[in-house]
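To keep things clear, I will list the structure first and then write my remarks on it.
Numbering (this note's numbering), first residue to last: -1 to 125.
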């Protein structure tokens, strides 16, 4: 409740900051390659946390730029049960971020465990 009170007291300031940020994005703010990669990594981490997948290694590839768009590839190593991995893949495929799975490899972690080790390559197109 104390935290909520502090946020309510700052409501006008927060809304003002949000409006100015949204306006900057609408005006076509140029986002650097590092910022695009960072945004993608944050989104993948959020998806992993919400689906119960433990991401153990992340390897973003350099940004590939063309005349009209950019491409980002990220390799992910993960651990989870089959249900959690399925949920994670669904979140990637249904994301508004134009994400696509390029490669998926799954293997059993050990014979007495229901966990799987996995490797995914995620591809994103951005403007």
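Beta carbons are placed, not taken as given, at the ideal position from N, Cα and C, and that holds for glycine.
Remember, predicted model here, so these are calculated numbers, not experimental data.
Residue pairing for residue 116: DSSP places it in a beta bridge opposite 76, 104. Going by C-alpha positions, residue 69 is about 44 Å away from residue -1.
Beta-bridge annotation (DSSP): residue 98 is paired with 121. In this structure residue 78 is buried. Its beta-carbon is surrounded by 16 or more other beta-carbon atoms within 10 angstroms. With a beta-carbon spacing of about 10 Å, residue 86 and residue 120 fall beyond the 8 Å limit used to define contacts.
For residue 80, the closest of 67, 64, 3, 106 by C-alpha to C-alpha distance is 106. The bridge partners DSSP lists for residue 53 are 76. For residue -1, there is no enclosing alpha helix (DSSP H), as DSSP marks it with neither H nor E. In this structure, residue 117 lies near residue 73, with their beta-carbon atoms less than 8 Å apart. In the displayed model, residue 8 falls within coil according to three-state DSSP, outside both helix and strand.
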